[in-house]
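Protein chains in written order, with the numbering used here: chain A, 2 to 247; chain B, 2 to 247.
Idealized CB from N, CA, C, for every residue including glycine.
Small disclaimer: the values here were computed from a predicted structure and weren't measured.
2 protein chains.
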Amino acid sequence: MSLTLDNLNQKNTKTLKTIQSEVESINRIALSVDCVIFGFDENKLKVLLIRSDLRKFQSKWSLLGDLIHINEDLDAAAYRILKQRTGLSDVYLEQVHTFGTINRHPAGRVVTVAYCSLINIQHHKLNIFDNELHWHDINNVTDLAFDHQQIFDTCYHRLQKRIQEHPLGFNLLPKKFSLRELQNLYEAILGTKMDRRNFRKKFFAMDFLIDLGEIEQDVPHRPGKLYKFNYGKYEKKKKKWVGIDF
Amino acid sequence: MSLTLDNLNQKNTKTLKTIQSEVESINRIALSVDCVIFGFDENKLKVLLIRSDLRKFQSKWSLLGDLIHINEDLDAAAYRILKQRTGLSDVYLEQVHTFGTINRHPAGRVVTVAYCSLINIQHHKLNIFDNELHWHDINNVTDLAFDHQQIFDTCYHRLQKRIQEHPLGFNLLPKKFSLRELQNLYEAILGTKMDRRNFRKKFFAMDFLIDLGEIEQDVPHRPGKLYKFNYGKYEKKKKKWVGIDF
DNA sequence: CTAATTTGTGTAAATATTACACATTTACTT
DNA sequence: AAGTAAATGTGTAATATTTACACAAATTAG
Chain A
2 MSLTLDNLNQ
12 KNTKTLKTIQ
22 SEVESINRIA
32 LSVDCVIFGF
42 DENKLKVLLI
52 RSDLRKFQSK
62 WSLLGDLIHI
72 NEDLDAAAYR
82 ILKQRTGLSD
92 VYLEQVHTFG
102 TINRHPAGRV
112 VTVAYCSLIN
122 IQHHKLNIFD
132 NELHWHDINN
142 VTDLAFDHQQ
152 IFDTCYHRLQ
162 KRIQEHPLGF
172 NLLPKKFSLR
182 ELQNLYEAIL
192 GTKMDRRNFR
202 KKFFAMDFLI
212 DLGEIEQDVP
222 HRPGKLYKFN
232 YGKYEKKKKK
242 WVGIDF
Chain B
2 MSLTLDNLNQ
12 KNTKTLKTIQ
22 SEVESINRIA
32 LSVDCVIFGF
42 DENKLKVLLI
52 RSDLRKFQSK
62 WSLLGDLIHI
72 NEDLDAAAYR
82 ILKQRTGLSD
92 VYLEQVHTFG
102 TINRHPAGRV
112 VTVAYCSLIN
122 IQHHKLNIFD
132 NELHWHDINN
142 VTDLAFDHQQ
152 IFDTCYHRLQ
162 KRIQEHPLGF
172 NLLPKKFSLR
182 ELQNLYEAIL
192 GTKMDRRNFR
202 KKFFAMDFLI
212 DLGEIEQDVP
222 HRPGKLYKFN
232 YGKYEKKKKK
242 WVGIDF
């Protein structure tokens, strides 16, 4: 098929009014955000899930999400969910993908924008007595409600990729951490084992770690040094950053 | 702020009906797709632009896009645009990012899903007498309508990244191409110069090129061999593919 | 004070990347 | 037909990066 002037002009003669009427009428769709919220605890990568809103999916877990308000930016909606559910602001948040298959949601046409978020599990006070909201080991995440399994898989793969390009892992750790904790985190996310010496070498070479001059407490073995992440230095280098390359 | 049972339960007691009414009423938003369609011609990377639909932006160029129909998948809408504008099916298409700032569109709240597409510029029959639709050198793309400059920039950066991870460039070339054309393409996309011998070595090592036993015609110098891309082999290796690494 | 555990550190081998030059093929010019 | 201009096709040595690997030191538990 080749283009004709007709179908081009058909497009190009649209006035603002024409489009406004289209926007206001037939072509409106419900939009939601869904957040894949990752945490790291007891050397396991976790994701925060909730019992599905809908009776139909009562027995299934689902991602945290909500409809986007008509006068709300996409990112703002995702931040709203995060704040509402975890009490945290200023967290790492990245838009990942938009899912819009016609029949993905039982309530009608709902297109959802998926976000990946990394939070420090120690910093938030989740009500652990509430069994509606739960941190799941990512290796036990199966059979989520709606298309949430697909959304989760997509976000987890994105995280695995991103973590190898940028030092995002720090968002999941406490402010002070040992190199062993950092390595455990990377191993948990990537599902691999790494050489301890080479791992340390790599991170020291990046030069983003600040030695706090403190050591771990209450460990039943030689305590490791504690470090913090040098956010400032990373932000400066970010422009020309090409990846971590594990 | 910490979570209370109240705001959790408030969420969890939603019935399908409650959500349905939300979906059907206040929370509906117009959704569009915008396609950043790349082509490669005369050793330049090009993007297909159209004069803006709206009078207000009459003098500006914009991306090709349209509202998504209520019963249409996102990808289907993007393919529809592509087919309509270029006459091509079976092209490379990738969802890149969703842009939804409240005031991004003068016609009201319109959230747009941006797609990046790679087409073979020789294979489509664009009406070059029609000045409403035009291939722009990507180095001269400035000041697009709406937030299309931002969308273009995002998609171009995505392309630069993807091209270094997967051999997508072939989508932009004719079926038969010389290694010089392939290198010109990579240089145009990445905005760099590369070493000819190392480039060839890298691609031969990937082992995705099939020597057609033919040579270039009508070149005023020693003609290069022609190759085609081995899609089958790439698809097989894809799973364990980690990148091209220029 | 001994055992168990984990930290902290360097080097050699293997692998990957880069830089680089010359003979060959073709079309064009005279 | 001979010479020139232009781009193809090819290999190697130097450099940089990645990997594999072992032992002494610090701490707690018994």
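Item                                                                                                                                                                                   : Value
Can you check whether the C-beta of Arg159/A is within less than 8 Å of a C-beta belonging to chain B?                                                                                 : no
Tell me which residue opens and which closes the alpha helix (DSSP H) that Arg81/A is part of.                                                                                         : 75 to 87
In this structure, does DSSP put Gly233/A in helix, strand or coil?                                                                                                                    : helix
Taking the continuous beta strand (DSSP E) assigned at Ala115/B, which residues delimit it?                                                                                            : 111 to 119
Might you give, ordered along the chain, the residues of its own chain that have their beta carbon closer than 7 Å to the beta carbon of Glu188/A, omitting 5 neighbours on each side? : Lys194, Met195
Decide if Trp312/B is buried, meaning its Cβ has at least 16 other Cβ atoms within 10 Å, or exposed.                                                                                   : Summary: the structure shown does not reach residue 312/B, with chain B confined to residues 2 through 247, and so no result is reported for it.
Quick one: what does DSSP say Phe247/A is sitting in, helix, strand or coil?                                                                                                           : coil
Asp74/A CB to nearest chain B CB: under 8 Å?                                                                                                                                           : yes
Strictly by DSSP, which residues pair up with Thr99/A?                                                                                                                                 : Val114/A
For the alpha helix (DSSP H) containing Arg29/B, list its first residue and its last residue.                                                                                          : Run containing Arg29/B: none in the alpha helix (DSSP H); it sits in the beta strand (DSSP E), 29 to 42.
Nearest chain B C-beta to Gly192/A closer than 8 Å, yes or no?                                                                                                                         : no
Would you kindly work out how many angstroms separate the C-alpha atoms of Thr113/A and Gln184/B, rounded to a whole number?                                                           : 39 Å
Pull up the distance between the alpha-carbon of His106/B and that of His149/B, whole angstroms please.                                                                                : 10 Å
Quick one: what's Arg52/A bridged to in DSSP?                                                                                                                                          : Trp62/A
Buried or exposed, going by whether 16 or more other CB atoms sit within 10 Å of the CB of His98/A?                                                                                    : buried
Secondary structure at Gly250/B, three-state DSSP: helix, strand or coil?                                                                                                              : Because chain B is modelled from 2 through 247, residue 250/B falls outside the range shown and cannot be assessed.
By the three-class DSSP mapping on this structure, what secondary structure does Leu169/B have?                                                                                        : helix
Would you report the Cα separation of Asp138/B and Lys47/B, rounded to the nearest angstrom?                                                                                           : 4 Å
Just to confirm, are Arg29/A and Arg81/B a CB contact at a threshold of 8 Å?                                                                                                           : no
How long is the line joining the alpha carbons of Gly192/B and Phe200/B, rounded to whole angstroms?                                                                                   : 15 Å
Is the region 158 to 166 of chain A close to the region 209 to 225 of chain A, with three or more CB pairs under 8 Å?                                                                  : no
If you measure beta-carbon to beta-carbon, which residues of the region 95 to 128 of chain A are closer than 7 Å to chain B?                                                           : Gln96, His98, Thr99, Gly101, Thr102, Ile103, Pro107, Ala108, Gly109, Arg110, Val111, Val112, Val114, Lys126, Leu127, Asn128
Between the C-alpha atoms of Ala78/B and Lys229/A, what's the straight-line distance to the nearest angstrom?                                                                          : 47 Å
Tell me the rounded alpha-carbon separation between Asn140/B and Asp35/B.                                                                                                              : 20 Å
Which same chain residues, not among the five before or five after Glu182/B, have their C-beta less than 7 Å away from its C-beta?                                                     : Leu174
Give me the Cα-Cα distance between Ser63/A and Ser53/A, rounded to the nearest whole angstrom.                                                                                         : 5 Å
Measure the beta-carbon distance from Thr155/B to Asp74/A and round it to whole angstroms, keeping in mind my assumption that it falls under 8 Å.                                      : Actually they do not touch by this definition, with Cβ atoms about 16 Å apart.
Would you identify the three-state DSSP class for Lys176/B, choosing helix, strand or coil?                                                                                            : coil
Is there a C-beta anywhere in chain A that falls below 8 Å from the one on Leu186/B?                                                                                                   : no
For Glu43/A and Lys177/A, I'd like the C-alpha separation in whole angstroms.                                                                                                          : 15 Å
Taking the alpha helix (DSSP H) that Asp154/A belongs to, which residues open and close that run?                                                                                      : 149 to 163
Taking only the alpha-carbon atoms, compute the straight-line gap between Arg198/A and Lys237/A and give it to the nearest angstrom.                                                   : 27 Å
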